[in-house]
Amino acid sequence: MPRTECLIAALLIASACAVAWAACPFCPPSGPTRSEQIAQADLAVLARWERLIEPRGELEGADPQTVFRVVEVLRTTGRPLKAGEKITVNTLQEGKPGQLFVLLASATEGLPDWHSLFEVTLDAYQYLKQAPSLEEPAVKRLRYFLKFLEVGDTFIANDAFAEFSVARYQDVAQLAPYLSREKLRRWLADDSDSTQVRHGFYGLLLGLCGNEEDARYLAGRVLPPPASDRPRLGLDGLMAGYVLLTGERGLRELVAAKIQVPSRIDGEVSAVMGALRFLWEYVPERVPRAQVVAAMRLLLDDTRHGELAVIDLARWKDWDSLPRVIAVYGQPPFETREGKEKLVQFVLVAQKDLSATADEPRLRQARSFLQRLRREEPDVVRAAEKWLAPARGRSTPAQPPLEGNLDDQSASSPGRHP
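Heads up: the sequence shown runs through residues -22 to -1, 1 to 396, numbered per mature numbering (1 follows the signal peptide of the UniProt record, and there is no 0).
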């Protein structure tokens, strides 16, 4: 990794603000999907709950057991099981006779070690059984799960959505020809808690497949001020979808409505920042990056979001913002010792990167600022340099040089899937 990249990584490390989505943006976080769990198991079977074995007598105090009866083998890499075979699991699982479960096991010395299980309906089992394997192309798999996003079976709907939570945006974007504007609009009109947490993702999908009518609809959702103090879940994804449909005009409208106003609303500003990160990361061809950067710079003096803006500008190597960064030094929100150190870290990284370029005016600005601070506030500079110095005997700093709160960004809200 080049030296400058190492410094930027040090500057951002352990900071929740250093957002770079590894999976689908605006999707709630997810653990392994059911398909992934099954693929990782050596054995996977559909079984019926039969009875509990409660330890008694000499065995009292031992772990209880649960007895199942195999209905069908879903996956096996070792000794094949047969329908009707009995499985005894060393765990207590309440149930009723005939209740269906999927049981997963790893093979230990040829013997199954049943380590996890989950209840299913017959429909849910068929959904899992028919799902394309992990080896299939991502778009083919996502087309399958797309059909189940809002079905009535909560298990199925949650798992299908979890598949999107771990999908790459590039793969999701290829679903545009298969998306239904009408369905997405219906889902976005559903304000139930279980669906509202998905609004950001659905707004993004509408941006991928919508038309001018949908752009007007999204404008009505994102541009007016909130009608209440209740947080607007998924607002960042709705904004991203709006800008996908409207481009530069949409970004100008968002900035005018949420940033260039006398009184900013924290949640609304956080959502704009999430949309800006999306534009930079995934669709730089939709809005010129210079405009994305210009919008983020407007937040440098924001008392709630200025520190987050500095982190993003450093990640984007926006050294043209140096004059503005230097101007806000010592001003809210950078009047504290911690705030000052963050700005100095930015300038130190900029100086290192600019040393390898021909941008002499910016390099002189950085050097002049640091020279002045070394005279006036040497402790601040030393503290900032400490975090950016190559670590000896450890791969990361003991604590983050830049701290942030992901809750302020609302990149995504907790999902309803487990």
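Note that beta-carbon positions come from the ideal geometry of N, C-alpha and C, so glycine has one too.
Here DSSP, grouped into helix, strand and coil, assigns Glu32 to coil. Taking all protein chains shown into account, Tyr260 has 16 or more neighbouring C-beta atoms within 10 Å of its C-beta and is therefore buried.
Contact between Arg121 and Leu162 is ruled out by a C-beta separation of about 15 Å, above the 8 Å threshold. A Cβ-Cβ contact shorter than 9 Å links Val80 with Leu24. Counting the other CB atoms within 10 Å of its CB gives Pro339 a total below 16, which places it among the exposed residues. For Thr66, the uninterrupted beta strand (DSSP E) run begins and ends at Lys64 to Val67, by DSSP.
Judged by beta-carbon spacing, Gly73 lies beyond the 9 Å limit of Glu50, meaning their Cβ atoms are not closer than that value.
Spatial neighbours of Arg342 in its own chain (CB-CB distance under 7 Å, excluding positions within 5 residues in sequence) are not present.
In this structure Glu285 is buried. Its beta-carbon is surrounded by 16 or more other beta-carbon atoms within 10 angstroms.
Proximity to Phe139 across Leu124, Asp131, Arg267 and Asp298 peaks at Leu124, based on C-alpha coordinates.
Within the same chain, Cβ atoms closer than 7 Å to the Cβ of Cys5 are found at Phe142, Ser143, Phe179 and Ser390, the five residues on either side in sequence being excluded. Annotated as distal: Leu232 and Leu186, with beta-carbon spacing of 9 Å or more. Assignment of Asp131 by DSSP, reduced to helix, strand and coil, places it in the coil class. In the DSSP assignment, Leu21 is bridged to Thr54 and Ala83. Counting only runs that start and end inside the region 162 to 237, there is no beta strand (DSSP E) element of at least 3 residues.
Counting only runs that start and end inside the region 259 to 294, the alpha helix (DSSP H) elements of at least 4 residues fall at 267 to 275 and 284 to 293.
Between the beta-carbon of Ser299 and that of Arg275 there is about 5 Å, and that keeps the pair under the 8 Å contact cut. Taking the C-beta atoms as reference points, Thr69 is found nearer than 9 Å to Thr44. Less than 9 Å separates the beta-carbon of Gly225 from that of Val265.
The residue among Gln108, Arg176 and Pro90 with its C-alpha nearest the C-alpha of Ser8 is Arg176. Just so you know, the alpha carbons of Leu59 and Glu114 end up roughly 26 Å apart. Counting along the chain, Phe96 sits inside the beta strand (DSSP E) bounded by residues Leu89 to Glu97. Here Val150 carries a helix assignment [DSSP, helix/strand/coil]. As DSSP reads the structure, Val48 sits in a beta bridge with Ala25.
Under DSSP, the beta-bridge partners assigned to Gln43 are Ile31. For Val327, the enclosing alpha helix (DSSP H) covers residues Arg315 to Leu332.
Beyond the five residues adjoining it in sequence on each side, Arg242 comes within less than 6 Å, by CB distance, of no other residue in the same chain. Ala234 and Leu112 have their C-alpha atoms some 44 Å from each other. Straight-line measurement puts the Cα of Leu127 at about 22 Å from the Cα of Leu78. Leu78 has Arg26 as its beta-bridge partners, per DSSP. With respect to Ala292, Phe256 sits apart: the two C-beta atoms are not nearer than 9 Å. Here DSSP, grouped into helix, strand and coil, assigns Gly9 to coil. Rounded to the nearest angstrom, the Cβ distance from Gly188 to Leu166 is 11 Å, too far for a contact under 8 Å. In the structure shown, Tyr307 falls within a coil segment according to DSSP collapsed to helix, strand and coil.
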